[in-house]
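Comments concern the structure below.
Number of protein chains: 2
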Amino acid sequence: MIENQPKKPSKSDRTRAQILEAARLLFAEHGYDGASIRDVAAHASIDPAMVIRYFRSKDELFARAAVVDLQLPALRVIDRTTIGETLIRRFLEIWEGPASGPGMAILLRSATSNEFAAEKLRDVFGNQVRPVVAAVADPAADADRRAGLVSSQLLGLAMCRYLLRLPPVVALSHDEIIQNVGPTLQRYVVGEDVS
Amino acid sequence: MIENQPKKPSKSDRTRAQILEAARLLFAEHGYDGASIRDVAAHASIDPAMVIRYFRSKDELFARAAVVDLQLPALRVIDRTTIGETLIRRFLEIWEGPASGPGMAILLRSATSNEFAAEKLRDVFGNQVRPVVAAVADPAADADRRAGLVSSQLLGLAMCRYLLRLPPVVALSHDEIIQNVGPTLQRYVVGEDVS
DNA sequence: TCCATTTGTCAACGACTGTTGACTTTCTAA
DNA sequence: TTAGAAAGTCAACAGTCGTTGACAAATGGA
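Taken in sequence, the protein lines are chains W and P.
Be aware that the first sequence starts at 347, since it is given in the working numbering, and climbs by one per residue.
Be aware that the second sequence starts at 347, since it is given in the working numbering, and climbs by one per residue.
Right under this line is the structure:
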C-alpha cells in the first residue's frame with residue numbers, strides 16, 4: 347500500500363509551492379548566480395531560512411526548479427513533409443504558450459556558467475529531442491548528427507529571441523519564424539545529408 | 347604631434363598585458379561572475395590590488411577583455427551562390443583558428459546573466475554581422491530579419507559546440523558543418539523570403 | 001485542554017567578494 | 001649618488017552569500 351499523495355494539502359505544501367514558483371521566476375530571469383536565496387525568500391514573502399528548510403540547499407532548489415518536459419510530438423505519425431513545421435510550431439508553444447513553464451529559460455540562462463545546468467540541458471537534448479528526431483532520421487546512424495543540428499538552430503533561436511532579446515529576432519512574427527526556420531529543421535531532419 | 351605608441355614597452359605594459367590575458371582566459375571559461383579578481387590575479391601571478399590599479403574596476407576589466415572584431419569578409423565581391431559557405435567558414439575560423447581571441451566566448455558565456463555582456467553582444471550583431479548581411483540582402487527592408495536569422499543559427503551552433511559542448515555537435519567535422527549549415531545561411535541571406 | 005509536531009522568526013557563523021589605503025621595494029632620471 | 005616616481009605588497013574594510021541553530025508561535029489530534 348504505497349500512498350504517494352496523502353490527501354491533505356497541508357499548509358507547508360502551499361509554502362513549498364510558493365517558494366518553488368518564486369525560484370523558477372527568478373532563476374529564469376537572473377540565472378543561478380544572479381538569484382540569491384534571499385531574493386527568492388523575499389519574492390515569496392518568507393524567511394530565507396525557510397527556503398533551506400524546505401529544500402535542503404540552493405543546489406537542490408535549483409534542481410527542483412529546473413525540470414523540463416518538452417512533450418514533443420511523435421514525428422512518425424505525421425506527414426513526412428511537415429516535420430520541420432511541426433517542430434518549430436511546438437517550439438513556439440513551449441516558449442510562448444502558457445502551459446509550459448519557464449523550465450527551458452531556467453536551464454538556458456544558467457547553462458553557460460553552471461555545470462549542473464549544462465548537464466541537465468544536455469540531458470534534455472539526449473532524452474527528449476534526440477529520440478524524436480531519431481525516430482524519423484533516414485539512416486539511423488545519422489540520428490545524432492541530425493538531432494544536434496536541430497538543437498543548434500532551436501537553441502540559438504531561443505537565445506536570440508528570449509534571453510539576449512536581439513531586436514530583429516524579437517520582432518519576427520510566428521509566421522515568419524515558421525516559414526523561415528521550418529525548412530531549415532526539415533532539411534536537418536530528413537534532408538539528404540553529408541557522409 | 348600625436349604619438350599614440352611611445353616606443354618604450356615599460357614594465358607596467360607587460361604586467362597590464364598579463365592581467366588582460368589571464369582575464370580573457372578566465373572570463374571565457376567561467377563567465378563574469380565565475381571569474382573573481384583574485385582568480386585573475388593568481389593566474390597572472392600578481393597581487394589582486396594590482397588588477398584594480400591597472401584597470402579601475404572589475405567592470406572595466408571585463409569591458410577591456412570583451413572586445414570582439416569578427417573581421418567578416420565583404421559578401422558583395424564574392425560569388426552570390428557561396429555566401430552561406432563563406433560565412434560558415436569564417437565562423438569556424440573565428441572560433442577555432444588561432445588568430446581571433448576568445449572574445450566571442452567571453453561575451454557569450456556571460457550574456458545570459460550580465461546585461462553589459464548582452465548589450466555588447468547585441469552591438470556585435472548590429473555593427474558587424476548586420477552590415478555584412480545588409481550589403482547583399484535583396485530587398486533592403488529584409489536585411490534586419492535576414493541578419494537576425496543568420497545570428498540565431500551561428501549563435502546556436504557556437505553555444506552547442508563550444509560552450510554547452512553537446513556531444514553530437516562537438517563531433518561534427520568542419521566539412522559536415524559547412525555542408526549542412528552553409529545552405530541554411532545561404533537561404534537566410536539570399537533565399538526567397540516571407541513577407 | 002494539553003501536548004507534540006509543525007511552521008515560522010531571528011541573529012549569527014564563516015567564507016567569499018570588490019575595493020581601498022598605507023606601506024615597502026624597485027627602477028629611473030638628474 | 002640621490003631624490004622622486006613607479007611598481008608591488010599587505011592587511012583590512014564593508015557588503016553579500018549560503019547555511020545553521022536556538023527560540024517562539026501556531027496547529028492539530030488525544
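Glycine included, C-beta positions come from ideal geometry on N, C-alpha and C.
At 9 Å on the CB atoms, spell out the chain W contacts of threonine 458 (chain P), in chain order. Simply Gly377, Leu454, Arg455, Ser456, Ala457, Thr458, Ser459, Met505, Leu509, Leu510.
Look up glutamate 538 (chain P) in the DSSP assignment and say whether it is helix, strand or coil. coil
From valine 414 (chain P) to serine 456 (chain P), what distance separates their C-alpha atoms? 14 Å
Reduced DSSP secondary structure (H/G/I, E/B, other) of glutamine 417 (chain P): coil
For alanine 368 (chain P) and arginine 476 (chain W), I'd like the C-alpha separation in whole angstroms. Approximately 38 Å, taken between the alpha carbons.
Flag this pair as yes or no: are the beta carbons of leucine 454 (chain W) and leucine 407 (chain W) separated by less than 8 Å? no
Assigned secondary structure, proline 444 (chain W) (DSSP; H/G/I helix, E/B strand, else coil): Three-state DSSP puts proline 444 (chain W) in coil, outside helix and strand.
Any C-beta of chain P sitting closer than 8 Å to the C-beta of valine 482 (chain W)? no
Have a look at W:Thr432, W:Glu442, W:Ser356, W:Asp379 and flag the residue whose alpha-carbon is nearest the alpha-carbon of valine 535 (chain W). W:Thr432
How big is the Cα-Cα spacing for glutamate 461 (chain P) and glycine 377 (chain W)? Whole-angstrom Cα-Cα distance: 12 Å.
What are the boundary residues of the alpha helix (DSSP H) that includes tyrosine 378 (chain W)? 357-380
Valine 478 (chain P) versus chain W: which residues are under 8 Å apart at the beta carbon? Those do not exist, as valine 478 (chain P) stays about 14 Å from chain W at its closest Cβ, beyond 8 Å.
Nearest-angstrom Cα distance between serine 446 (chain P) and serine 391 (chain W)? Inter-residue distance for serine 446 (chain P) and serine 391 (chain W) is about 48 Å (C-alpha atoms, whole angstroms).
State the CB to CB distance for the pair methionine 505 (chain P) and glycine 502 (chain W), rounded to an integer number of angstroms; the pair is presumed to be in contact (CB under 8 Å). Right, their Cβ atoms sit about 6 Å apart.
Since threonine 530 (chain P) meets chain W, which of its residues come closer than 7 Å, beta carbon to beta carbon? Result: Thr530.
Using only CA atoms, which one of W:Pro513, W:Glu442, W:Arg492, W:Leu500 lies nearest to aspartate 467 (chain W)? Correcting the residue type first, residue 467 (chain W) is leucine in the shown sequence and not aspartate. Nearest option by C-alpha distance: W:Leu500.
Are the beta-carbon atoms belonging to isoleucine 434 (chain W) and valine 527 (chain W) less than 8 Å from one another? yes
Would you say arginine 468 (chain P) faces chain W, with C-beta separation under 8 Å as the test? At least one CB of chain W lies nearer than 8 Å to the CB of arginine 468 (chain P).
Contacts around isoleucine 429 (chain P), its chain only, beta-carbon distance under 8 Å, and the 5 residues preceding and following it disregarded: Leu421, Val482, Leu531, Gln532, Val535, Val536
Looking at the C-beta of alanine 487 (chain W), does it have a partner C-beta in chain P at a distance below 8 Å? Output row for alanine 487 (chain W): interface = no.
Express the C-alpha separation of proline 394 (chain P) and serine 356 (chain P) in angstroms, rounding to a whole number. 20 Å
According to the neighbour-count rule (16 or more other Cβ atoms, all chains shown, within 10 Å of its Cβ), is valine 516 (chain W) buried or exposed? exposed
To the nearest angstrom, how far is the alpha carbon of methionine 450 (chain P) from that of glutamate 465 (chain P)? 13 Å
8 Å Cβ cutoff met for leucine 372 (chain W) and arginine 410 (chain W): no
Boundaries of the alpha helix (DSSP H) in which glycine 494 (chain W) is found, first to last residue: 489-504
Starting from the Cα of glutamate 375 (chain W), find the closest Cα among P:Ala463, P:Ser459, P:Gln474 and give me that residue. P:Ser459
Inter-residue CB distance, arginine 491 (chain P) and glutamate 522 (chain W) (contact presumed, cutoff 8 Å): 7 Å
Under a three-way DSSP split, which group does threonine 625 (chain P) fall into? Nothing can be reported for residue 625 (chain P): it is not among the residues displayed for chain P, which extend from 347 to 541.
Quick check on the burial criterion: 16 or more other C-beta atoms within 10 angstroms. Buried or exposed for glycine 494 (chain W)? buried
Given alanine 463 (chain W), which residues of its chain have a CB within under 7 Å of its CB, disregarding the five upstream and five downstream residues? Tyr378, Ala412, Leu453, Ser456, Ala457
Rounded to the nearest angstrom, how far is the Cβ of isoleucine 383 (chain W) from that of leucine 416 (chain W), given a contact under 8 Å? 28 Å between Cβ atoms; not a contact.
Alpha carbon to alpha carbon, what distance is there between valine 478 (chain P) and leucine 418 (chain P)? 7 Å
Assign valine 496 (chain W) to one of two classes, buried (16 or more other C-beta atoms within 10 Å of its C-beta) or exposed (fewer than that). buried
Excluding the 5 residues flanking glutamine 474 (chain W) on each side, which residues of the same chain have their C-beta closer than 7 Å to its C-beta? Leu416, Leu418
For phenylalanine 471 (chain P), return the contacting residues in chain W, with the cut-off set at a CB-CB distance below 8 Å. Leu512
For alanine 464 (chain P), would you say it is in contact with chain W, using Cβ-to-Cβ distances shorter than 8 Å as the test? yes
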